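Each step along the sequence shown adds one to the number in the numbering used here, with nothing skipped, and position 405 is 405.
Ideal Cβ placement from N, Cα and C applies to all residues, glycine included.
Bear in mind that the values here come from a model prediction, so they are computed numbers and not experimental data.
This report concerns only the one structure given below.
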Amino acid sequence: MSTNESMLFPPNLINPLLDFPRHQQMGLLPGYPGTNHFVETPNRVTEAWERRNLNYLQPGSDTQHPDPQKLGAITTISHLPEITHLPTVLSDYFFKEVIKLYSVWDNHSNQLRILAGSFWQSSGVLYHTMQSMAAALLTKSFPNLRAIAIGERQMGLECLRSGNDTDEDRLIGSILLGHTASWIKPHELSHENFENSLEMLHAWASKTHDHSRLSFFGGAVDYWAMLLSFVSEPRTNHDFLRHSVVEAGPSRADGLINPHPFIGTSGTIVQVLTELGTLIFRYRKRVSEIDFISEKDLEFFRKSIQNARQLERRLLAFRPLLPKSVQDPGDQTTSPAHFVKIDEGLRCTGLLQLYRVFPDLLNDRYQPWDSAALLQPHPALKTPSREERNTWLTMLALHILNINREIPFESRTRCMQPFMFVAASCELRTDLDGGNEAGGMDGNCISIQISQAREFVRSRMMAYLHVFPLQKVETMFQLIQSIWSEIDNGREVFWLDCLDNTTIRFILS
């Protein structure tokens, strides 16, 4: 491996399968209830596996020793031991690797780890979901596991519909099945799972007093709602958010904020972004459907701009936490400062979307770019030209990427970054004409920054392709590259319109 690659991929992320002995102890963290030291496949599903008579990963097969040229540098496996019981290995891999990749921090107090460890051996829906998630992440190295991932997901959905499990494990199973639907099919949005999860959450919340688990489930649904809001419209009239459930990240007795395993300390920003995503999706959809403007259209646009102004005020008024006010999760790769940076990046990404889709908001506050004044805008100095507005937005996009650059790649918060990369990518133009005034520097300097920013996004996304070996990550990277291609050909591009034009919508996480 080259020096550059070793910097991108720390040793603990390289070849996790090399750690598997023939009868692997489960990668659970000791010290909390509901777990055993060895994996035991539930009796009711063992027979299903045996009936399949699967012959995957047998010694001597191509999948036992994959071609290094096909897998890339970090997935080279020279001496993979014989895998004698695939369900055991997949369960182990879920606890050992999948939870780490799926969470923004991980240790023994991670609610996902606690819930999975407590229920997986007695819950059909959770067991099959874990098997599917593990198989999906291993599919790039072992293509035959794709059939396992699909089959296990289907069995998980069947268990969910049967209603034989308890409320809690059905809820966590439904959330995981929904979150990871795009692991199998990148364009799968899993609306039905979302609606069912929301109903189950409200029903369960009305009869429990477990604040910690309420916070976990509520934050998981909030994050899911945010990701859906930018690429689809709610199928029911109820609000995407579930304000009746406690916010993610409850305070401790000592006043510190516990970061959520999926959204860190970004609970408030995630809720604002959900409303913002819904507003933008409906607005862009209405614009695309108009041939001739009616009075109803004008009223819709006026109302949309009013809502956009309210969201702008909420984003500007948001007061981020200080790292010292966040409980250290005890994860060596992720510090409280990383959560605060993610909050800052998401807030700026929300402003970027508002100012791109509703340019009047930027016109009202336009001054030459100054990052120090971003969150404390002054009255407009002038009405900007189109070029000046584009340059200002490019500087904001560069600011967002610089925030992400300050977070080490090893940080588990990286799973929240691709959304910001895609949103910022359509502002990385190379043909800016308003650089001198709008950016406070000459155009050549901005062009260099844009080139460096593109390379940063490109390198991070290529790294994600190895750490998160999923087709949806490839699809995200392809979207970014297609956006840049359109920009370089002189076209105005908004990333959500690109999704519509390609008829491929996917969850950016």
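By the Cβ neighbour-count rule, N489 is exposed, with fewer than 16 other Cβ atoms within 10 Å of its own. For the alpha helix (DSSP H) assignment, the uninterrupted runs of no fewer than 4 residues enclosed by the region 308-392 are, from N- to C-terminal side, 336-357 and 359-365.
Contact annotation, A116 with A135: C-beta distance approximately 16 angstroms; criterion of less than 8 angstroms not satisfied. A straight-line Cα-Cα distance of about 14 angstroms links L157 and S182. Nearest C-alpha to V326 among P336, M420 and R405: P336.
For R429, the closest C-alpha among the options K296, S485, W120 and F456 is that of S485. Counting only runs of 3 or more residues that sit fully inside the region 269-294, no beta strand (DSSP E) segment turns up. A direct Cα-to-Cα measurement between L432 and I446 gives close to 8 angstroms. Scanning its chain for C-beta atoms nearer than 6 angstroms, with the 5 sequence neighbours on each side dropped, one finds around P377 the residues R365, in chain order. The beta-bridge partner set that DSSP reports for H191 is empty.
No Cβ-Cβ contact shorter than 8 angstroms links I403 with K324. About 5 angstroms separates the CB atoms of L346 and I269; that is less than 8 angstroms, so the two are in contact. For a cut-off of 8 angstroms, the C-beta gap from V98 to M133 is around 5 angstroms, short enough to register as a contact.
Spatial neighbours of Q353 in its own chain (CB-CB distance under 7 angstroms, excluding positions within 5 residues in sequence) are listed in chain order as L276, I280 and A423. Counting C-beta atoms within 10 angstroms of its own C-beta, L479 has 16 or more neighbours from the protein chains shown and is therefore classed as buried. Cα atoms of V467 and L227: separation of roughly 21 angstroms, rounded to the nearest angstrom. DSSP places W183 in the uninterrupted alpha helix (DSSP H) bounded by A181 to I184.
In this structure, Q121 sits away from E152, with a CB-CB distance that is not shorter than 8 angstroms. Measuring C-alpha to C-alpha distances from V287 to each of E295, F301 and Q452 identifies F301 as the nearest.
Counting C-beta pairs with one atom in each stretch, the region 164-175 and the region 212-230 have three or more that are closer than 8 angstroms, which means they touch. Annotation: S190 to S294 spans about 34 angstroms, alpha carbon to alpha carbon.
Listed in chain order, the non-local C-beta contacts of Q332 below 8 angstroms within the same chain number zero, local neighbours out to five positions each way being set aside. Rounded to whole angstroms, the Cβ separation of R284 and D497 is 7 angstroms, and the two are in contact under 8 angstroms.
By the 16-neighbour rule on beta-carbons within 10 angstroms, H209 is exposed. DSSP places K472 in the uninterrupted alpha helix (DSSP H) bounded by Q471 to D488.
Close CB contacts of T334 within its chain, under the 7 angstroms cut and outside five residues either way in sequence, are with V104, W105, S411, R412 and T413 (chain order). With contacts defined as CB atoms closer than 8 angstroms, F358 and I305 qualify as a contacting pair.
Around the beta-carbon of T274, 16 or more other beta-carbon atoms lie within 10 Å, marking it buried. Here I184 is buried: its Cβ has 16 or more other Cβ atoms, across all protein chains shown, within 10 Å. The Cβ atoms of T391 and N363 do not sit closer than 8 angstroms to each other. Minimum Cα-Cα distance from K100 among the listed residues L198, L351, S141 and R113 corresponds to R113.
Here DSSP, grouped into helix, strand and coil, assigns H260 to strand. Proximity to E199 across H179, T180 and V221 peaks at V221, based on C-alpha coordinates.
For D222, the uninterrupted alpha helix (DSSP H) run begins and ends at H211 to S229, by DSSP.
Out of T139, P261, Q449 and K296, the CA that lies nearest to the CA of T394 is found in Q449. In this structure, C415 sits away from V493, with a CB-CB distance that is not shorter than 8 angstroms.
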